[in-house]
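Order-wise, the sequence lines are chains A and B.
FYI, the numbering for the first sequence is 1 to 556, going by my numbering.
FYI, the numbering for the second sequence is 1001 to 1556, going by my numbering.
C-beta: ideal position from N, C-alpha, C; glycine also.
Shown next, in structure tokens, is the structure this report addresses.
There are 2 protein chains.
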Amino acid sequence: MAATEDPSGASGAPARPGGTAPAGSGRSWWGWGRTDEALPDSECTALAALLPGLPPDPLPVPDVGELTLAPPRVRPPGALAHLVSDGPADRASHTYGKAYRDVVRALHGDMTPAPDLVAHPRSEADLVDLLDWAGTADVAVIPYGGGSSVTGGVEYRGGDHAGVLSLDLSAMDRVLEVDTRSRAARIQAGVYGPALEDQLREQGGGLTLRHFPQSFEFSTLGGWLATRAGGHYATLHTHIDDLVESMRVVTPAGTSESWRLPGSGAGPSPDRLFLGSEGALGVITEAWMRLQDRPVHKASTAVRFAEFGDAVEAVRAISQAGLHPANCRLLDPGEAALAGAAHDGESVLVLGVESAHHPVDGRLAELRTLARDHGGTVSGSGGDDSGGGDTAVGAWRSAFLRMPYLRDGLARMSAITETFETACTWDRFTELHEAVRTGIGAAVEEVTGSPGLVNCRMTHVYPDGAAPYYTVIATGRRGAEGAMWDEIKSAAMEILATHRATVTHHHAVGRDHRPGYDRQRPEPFALALRAAKSALDPRGILNPGVLMDPPPREVA
Amino acid sequence: MAATEDPSGASGAPARPGGTAPAGSGRSWWGWGRTDEALPDSECTALAALLPGLPPDPLPVPDVGELTLAPPRVRPPGALAHLVSDGPADRASHTYGKAYRDVVRALHGDMTPAPDLVAHPRSEADLVDLLDWAGTADVAVIPYGGGSSVTGGVEYRGGDHAGVLSLDLSAMDRVLEVDTRSRAARIQAGVYGPALEDQLREQGGGLTLRHFPQSFEFSTLGGWLATRAGGHYATLHTHIDDLVESMRVVTPAGTSESWRLPGSGAGPSPDRLFLGSEGALGVITEAWMRLQDRPVHKASTAVRFAEFGDAVEAVRAISQAGLHPANCRLLDPGEAALAGAAHDGESVLVLGVESAHHPVDGRLAELRTLARDHGGTVSGSGGDDSGGGDTAVGAWRSAFLRMPYLRDGLARMSAITETFETACTWDRFTELHEAVRTGIGAAVEEVTGSPGLVNCRMTHVYPDGAAPYYTVIATGRRGAEGAMWDEIKSAAMEILATHRATVTHHHAVGRDHRPGYDRQRPEPFALALRAAKSALDPRGILNPGVLMDPPPREVA
């Protein structure tokens, strides 16, 4: 639920434009997003009707002041003291990401992995000083991004470091420079999505990054880059990787800055080594990002299919026709019903096209024709607006943004409610999908004793395959929710690996995906990656445990 | 001149369809391509009129049987003998790539860097055995690809290995599997361009790789991947990197195989580490490549501009308009004249669009409008054909394919004639272009004592920048041609580095580009790359000297 998906459909506008960085007050320390958006107790209680066997009352949300946090084991030198906090609220809110298992542990008041300290550097020089100190003091450094990791990417787990520092770059949040000729901007890594787009708007030129993961409000540019986030575009440029012109990365072995280049064939791409490195090789401090003109032509439509298989074939045909829809999101019957986009067992395909330069009606018409050719019923369309012409489009979009809050409400009711996502080539999709539906259905029954929901949507599609995204909702037992989910998740990773489907399309590896990732990653590449880690981070302080086991460390 | 550019313009067909792998007989051992395409002596002599001060007669082409080759210093074990040749013709033809300085040295009979042996493995198992032996015998292994490197990528230079083995994978030349649902094929790395497309045609499905570098006939899939070749598409998917689904790479530390995935966010991309690794980290043996439907709608046009600057602005507008032309090639006045596409000081922009699914007339009309808006004169167009509707398009295309043979003819006349290419963002293009024209013009005068030609074309363009490609033609002194070019090339690398323009957009780094590459590559990435090299190739046998200095070796 972290770095994923487009809240704006074809509308082109972020979901809540005008918002600014949500760091600090207003953010939930235990759950998704903003405290004022969380479900009140009464709405949580009402959710009990969704699943059999849930307790009647929600878990209370602990008061952050009453949490038990171990005393900090390390202290920064005086010169760095002004950058570092050991306040309980700061430490508590930087203990976990926002995975279901994180939320559940927080609700149960389990603060075991809390960092000793939270650092808020204001400049790259601050960051270099912090890393220097951490290296000499054997302090693990965990880049926090916006804290929206759903894969254990920001949580210290195990290891024997003398201390743990959570690194929060949210004070480094400026768009530093805009090059309108090349349509690119130099942007600091700590900026949250809304503030980034606000600054681009203020600086003129009509440019936008157009990267709208579901976490848009609560994640940062640096987090997107470090985790290869999936963005706005359902086709063509689906990952933020393609929007990167150059990056600056501070490593314990020095600062890496690639040249701003539109394209290059000079050796393996330096940026591609740091993209997806999840803070294990260095800390991304800024990047030149490719921008787009703001689209002025937009249109969207929803198509209904009686058979999910027909809808999949329609999506495959669309992905291979070179039409490049900005949105091409398929909801299976369960997902469509959950979103309120359909109630009759139909699947819904939401299609959106946009352009800053050309009318898009022709492309939308071609998309509708392809969808109809595969058995779809086009139920309406909205041209040049936010897609309001079709209620299914609107329903899906509202539900999409509301979903993480709903998940937290369900979590408080001790329902198991989590997602996982993957990607595979088209030749394997049907078999994989059946295996997931059957296998996860069975795992849910085995773990919980009753059936649950296993829904699917496709978030990003490619000419050669698709990225399905699964939602699991099941009855949990209070106090055992996390362990129950872990068992189901383990079954999911086993199924994905058996079908050679990626352990993650855009949620990153973190620590939770290590078992699947270790099977997926070619062993010689693992050797190379470990060697690169040892060269750049010889003391092993950078986000130990993500991507790989900590290599042997040089302790000063 | 190696991995670059589209010989087919918008025509979609390779220049010489139906050709098969040109390995073996018919290939020139000293110059580009096929012996029967080389300029006869009389045509070489006629070229003397082009530049002042050239000798009246061409350098003779040495008889390969009369070359002086040092005796091989190593011998393979008996079990591998059938895979290895020490024949003088085989060794001579695997001594150099096809850079100007390579051709000149060959013409002067300088075979100093000749490999001791040439290996022709027939399978991955053969290759593993060869690498095992090379590791124990301290033999450097140089993957040859198709031998079309123009950057010293296939030439052993310096170093103290006990022997040198050139590795020719041309016996591993099969399309092994085609997945028409996902539009992808598993292809062995040793296949040459024409044979690859022939096999795809034979296997049905109407699919094509559509990667047509200028070297198409004389380069292999493995070479394209190892050097991040620039291909058919002037926009969008310009590098072969984007066409890769997964790769198999044999390294001394084991074989790496990535999963076939349409997209993934699981850690840094394994493929992106091997793409551009130029044989220094492993030997690519096969890849799953993304294919396209064969285009059935094609159209092209030529646009003339009185001012090169206006043409550049037109290209920038086109690159940022989301129209994705397959061809968008700008020839400056000198280049246009050389190609016979214009004779009056005008620049020529060749535009081509293609689609397997939709008529392209509308897109071509939009492109022509944009070109006209920037001062261009549309001189004709050819719809749904090979662009024959405009003589400038046809003239450019013929000249493009003939150019390497012309270069060799000029080389025999002791003219200096070479190219270099780069890329930069739009904000820096004009300044860079002026610096190259002025600086290289001055370097040519200083080195040769008389003015030369410095022409420019743009081969690939991006929303945020462009890849200009420069041709230099000047008067050389017989016997000093190579050294003279090296001086000019050194000035070029200095200018590129000063402007932070990449040392290569698609010709690769090899050994010749090391000075520029070493300045361009961020030092922490260099540390990581060297560490990866040591982990995968601990004995330092793989293409020593490309990308980096050989790290300290474990010698058995």
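Check your understanding: Thinking just about the alpha-carbon of each residue, which of A:Asp-179, A:Thr-180 and A:Leu-221 is nearest to the one in Ala-195 of chain A?
Key -> Here the question's residue 195 of chain A lines up with position 195 in the first sequence. Minimum Cα distance to Ala-195 of chain A is reached at A:Leu-221.
Point to revise | Cα-Cα separation between Ser-379 of chain A and Ser-398 of chain A, rounded to whole angstroms | key: Translated into the one-based positions of the first sequence, residue 379 of chain A becomes position 379. Translated into the one-based positions of the first sequence, residue 398 of chain A becomes position 398. When only Cα atoms are considered, Ser-379 of chain A and Ser-398 of chain A end up about 19 Å apart.
Point to revise | Buried or exposed (CB count within 10 angstroms, at least 16 for buried), Thr-1369 of chain B | key: Locating residue 1369 of chain B in the second sequence gives position 369, counting from the first residue. By the neighbour-count criterion, in which 16 or more other beta carbons inside 10 Å mark a residue as buried, Thr-1369 of chain B falls on the exposed side.
Exercise for review: Could you name the residues of the region 261 to 291 of chain A whose beta carbon sits closer than 8 Å to any beta carbon of chain B, in the order they occur along the chain?
Suggested key: Leu-261, Pro-262, Gly-263, Ser-264, Gly-265, Ala-266, Gly-267, Pro-268, Ser-269, Pro-270, Arg-272, Leu-273, Phe-274, Leu-275, Gly-276, Ser-277, Glu-278, Leu-281, Gly-282 and Arg-290: these are the residues of the region 261 to 291 of chain A whose beta carbon lies less than 8 Å from some beta carbon of chain B, given in chain order.
Check your understanding: Going along the chain, which residues of its own chain have a beta-carbon closer than 8 Å to the beta-carbon of Asp-1486 of chain B, five neighbours each way excluded?
Key -> Position 486 of the second sequence, counted from the first residue, corresponds to residue 1486 of chain B. Excluding residues within five positions, the ones whose Cβ falls inside 8 Å are Arg-1101.
Review point. Within this structure, are the beta carbons of Thr-1180 of chain B and Gly-1147 of chain B separated by less than 7 Å?
Key: Within the second sequence, residue 1180 of chain B is the residue found at index 180, counting from 1. Within the second sequence, residue 1147 of chain B is the residue found at index 147, counting from 1. No, Cβ-Cβ distance for Thr-1180 of chain B and Gly-1147 of chain B is not below 7 Å.
Point to revise | Under the three-state DSSP convention, the category Gly-1479 of chain B falls into | key: By one-based count along the second sequence, residue 1479 of chain B stands at place 479. Gly-1479 of chain B: coil per DSSP, three-state reduction.
Practice item. Alpha carbon to alpha carbon, how far is Ser-258 of chain A from Gly-1276 of chain B? Give it in angstroms, no decimals. Key: On the second sequence, position 276 is the one that residue 1276 of chain B refers to. On the first sequence, position 258 is the one that residue 258 of chain A refers to. Rounded to the nearest angstrom, the two C-alpha atoms are 16 Å apart.
Practice item. Kindly confirm or deny that the region 314 to 322 of chain A and the region 1274 to 1288 of chain B touch, where touching means at least three C-beta pairs closer than 8 Å. Key: They do not touch, by the three-pair rule.
Review point. When the cut-off is 7 Å and only beta carbons count, does Glu-994 of chain B lie next to chain A?
Key: With chain B covering 1001 to 1556 only, the question about residue 994 of chain B has no answer from this structure.
Review point. How should Ala-15 of chain A be labelled, buried or exposed, when 16 other C-beta atoms within 10 angstroms of its C-beta is the threshold for buried?
Key: In the first sequence, residue 15 of chain A corresponds to position 15, counting from 1. Unreliable positioning characterises Ala-15 of chain A in this predicted model, as indicated by a pLDDT of 36, which lies under 50. The coordinate reading is nonetheless provided below. The residue in question, Ala-15 of chain A, is buried, as its Cβ has 16 or more Cβ neighbours within 10 Å.
Exercise for review: Give every residue of the same chain whose Cβ lies closer than 6 Å to the Cβ of Gly-1545 of chain B, excluding the five residues on either side of it in the sequence, and list them in chain order.
Suggested key: Here residue 1545 of chain B is taken as the residue at index 545 of the second sequence, counted from 1. Within the same chain, Gly-1545 of chain B has close Cβ partners Arg-1157 and Arg-1511.
Exercise for review: Please name the residue or residues paired with Asp-1179 of chain B in a DSSP beta bridge.
Suggested key: As a working mapping, residue 1179 of chain B is identified with position 179 in the second sequence. Answer is B:Ala-1184, bridged to Asp-1179 of chain B.
Practice item. Within the same chain, show all residues whose beta-carbon is closer than 6 Å to that of Ala-1163 of chain B, passing over the 5 residues directly before and after it, in chain order. Key: Along the second sequence, one-based indexing puts residue 1163 of chain B at 163. According to the sequence shown, residue 1163 of chain B is Gly rather than Ala. Answer for Gly-1163 of chain B: Arg-1073, Val-1074, Asp-1116 and Val-1139, listed in chain order.
**Study point:** For His-560 of chain A, three-class secondary structure by DSSP
**Key:** What the structure shows of chain A is the stretch from 1 to 556, and residue 560 of chain A is not part of that stretch, so it cannot be assessed.
Exercise for review: Kindly examine the ligand COA and report whether one of its heavy atoms sits closer than 6 Å to the Cβ of Arg-514 of chain A.
Suggested key: The ligand content of the structure shown is nil, which means the ligand COA is not present either.
Practice item. Measure the beta-carbon distance from Glu-1346 of chain B to Phe-1305 of chain B and round it to whole angstroms, keeping in mind my assumption that it falls under 8 Å. Key: Within the second sequence, the letter at position 346 stands for residue 1346 of chain B. Within the second sequence, the letter at position 305 stands for residue 1305 of chain B. The beta-carbon separation of Glu-1346 of chain B and Phe-1305 of chain B, rounded to 6 Å, stays under the 8 Å limit for a contact.
Point to revise | Leu-291 of chain A - DSSP class collapsed to helix/strand/coil | key: In the first sequence, counting from the first residue as 1, residue 291 of chain A sits at position 291. Looking at Leu-291 of chain A - three-state DSSP - the assignment turns out to be coil, as it is neither helix nor strand.
Practice item. Tell me whether the beta-carbon of Ala-261 of chain A lies closer than 7 Å to the beta-carbon of Ala-1226 of chain B. Key: As a first step, residue 261 of chain A is located in the first sequence; it is residue number 261 there, counting from the start. As a first step, residue 1226 of chain B is located in the second sequence; it is residue number 226 there, counting from the start. Reading off the sequence, residue 261 of chain A comes out as Leu, not Ala. At the C-beta level, Leu-261 of chain A and Ala-1226 of chain B stay beyond 7 Å of one another.
Exercise for review: Name the one or two DSSP bridge partners that Phe-420 of chain A has.
Suggested key: Taking the first residue of the first sequence as position 1, residue 420 of chain A is located at position 420. Beta-bridge partners assigned by DSSP to Phe-420 of chain A: A:Tyr-470.
Check your understanding: Which residues, in order along the region 491 to 524 of chain A, keep a beta-carbon less than 9 Å from a beta-carbon of chain B?
Key -> Within the region 491 to 524 of chain A, Arg-500, Ala-501, Thr-502, Val-503, Thr-504, His-505, His-506, His-507, Ala-508, Val-509, His-513, Gly-516, Tyr-517, Gln-520, Arg-521, Pro-522, Glu-523 and Pro-524 place their CB atoms closer than 9 Å to a CB of chain B, listed in sequence order.
Practice item. Could you confirm whether any beta carbon from chain A is found closer than 7 Å to the beta carbon of Ser-1011 of chain B? Key: Taking the second sequence and counting its residues from 1, the one referred to as residue 1011 of chain B is at position 11. Because the pLDDT at Ser-1011 of chain B is just 35, under 50, the model does not fix this residue reliably, and the value given afterwards should be weighed accordingly. For Ser-1011 of chain B, not one C-beta of chain A is nearer than 7 Å to its own C-beta.
Check your understanding: Ends of the alpha helix (DSSP H) at Thr-1438 of chain B?
Key -> Working through the second sequence from its first residue, we reach residue 1438 of chain B at position 438. In the DSSP assignment, Thr-1438 of chain B falls within the alpha helix (DSSP H) that extends over 1426 to 1448.
Exercise for review: Could you please give the first and the last residue of the uninterrupted beta strand (DSSP E) stretch that includes Arg-1228 of chain B?
Suggested key: Translated into positions along the second sequence, residue 1228 of chain B becomes position 228. Neither: Arg-1228 of chain B is in no beta strand (DSSP E) and is coded neither H nor E.
Exercise for review: Can you have a look at Leu-1176 of chain B and say buried or exposed, based on whether 16 or more other CB atoms are within 10 angstroms of its CB?
Suggested key: Position 176 of the second sequence holds residue 1176 of chain B. Note on Leu-1176 of chain B: under 16 other CB atoms within 10 angstroms of its CB, so exposed under the neighbour-count rule.
**Study point:** Residues in the region 1171 to 1202 of chain B having any Cβ partner in chain A nearer than 7 Å
**Key:** Contact residues of the region 1171 to 1202 of chain B toward chain A are Asp-1179, Arg-1181, Ser-1182, Arg-1183 and Ala-1184 (C-beta to C-beta distance below 7 Å).
Point to revise | Rounded straight-line distance, which links the Cα of Ser-1182 of chain B to that of Ser-1011 of chain B | key: Taking the second sequence and counting its residues from 1, the one referred to as residue 1011 of chain B is at position 11. Taking the second sequence and counting its residues from 1, the one referred to as residue 1182 of chain B is at position 182. Caution applies to Ser-1011 of chain B, whose pLDDT of 35 falls short of 50 and renders its modelled position unreliable; the model cannot decide the point.
Point to revise | Closer than 7 Å at the beta carbon, the chain B residues around Thr-227 of chain A | key: Position 227 of the first sequence, counted from the start, is the residue given in the question as residue 227 of chain A. Within chain B, the C-beta atoms nearer than 7 Å to that of Thr-227 of chain A come from Gly-1265, in chain order.
Review point. Using the beta-carbon count (16 or more within 10 Å), is Gln-188 of chain A buried or exposed?
Key: Residue 188 of chain A sits at position 188 when you count from the first residue of the first sequence. Classification of Gln-188 of chain A: buried, given that the 10 Å Cβ count is 16 or more.
Review point. Nearest to Arg-1122 of chain B by CA position, among B:Ala-1081, B:Gly-1159, B:Tyr-1096 and B:Val-1150, is which residue?
Key: On the second sequence, position 122 is the one that residue 1122 of chain B refers to. If we check each option's Cα against that of Arg-1122 of chain B, B:Ala-1081 comes out closest.
Check your understanding: Does Glu-257 of chain A get closer than 7 Å to chain B when you measure Cβ to Cβ?
Key -> Locating residue 257 of chain A in the first sequence gives position 257, where the first residue counts as 1. Cβ-Cβ to chain B under 7 Å: yes for Glu-257 of chain A.
Review point. In chain A, what lies closer than 7 Å to Trp-1426 of chain B by C-beta?
Key: Residue 1426 of chain B sits at position 426 when you count from the first residue of the second sequence. Within chain A, Arg-181 and Ser-182 have C-beta atoms less than 7 Å from the C-beta of Trp-1426 of chain B, given in sequence order.
**Study point:** Where Glu-202 of chain A falls, given that 16 or more other Cβ within 10 Å makes a residue buried
**Key:** Residue numbering aside, residue 202 of chain A sits at position 202 when the first sequence is read from its first letter. Around the C-beta of Glu-202 of chain A, fewer than 16 other C-beta atoms lie within 10 Å, and the residue is accordingly described as exposed.
Review point. Is Pro-463 of chain A close to chain B, meaning its C-beta is less than 7 Å from at least one C-beta of that chain?
Key: Along the first sequence, read from residue 1 onward, the residue named residue 463 of chain A stands at position 463. Output row for Pro-463 of chain A: interface = yes.
Review point. Less than 7 Å separating the beta-carbons of Cys-44 of chain A and Arg-478 of chain A?
Key: Taking the first residue of the first sequence as 1, we reach residue 44 of chain A at position 44. Taking the first residue of the first sequence as 1, we reach residue 478 of chain A at position 478. No; because the gap between Cβ atoms is not below 7 Å, this pair is not in contact.
Check your understanding: Looking at the structure shown, is Tyr-233 of chain A part of a helix, part of a strand, or coil, going by DSSP?
Key -> Along the first sequence, one-based indexing puts residue 233 of chain A at 233. Tyr-233 of chain A falls in the coil class under three-state DSSP.
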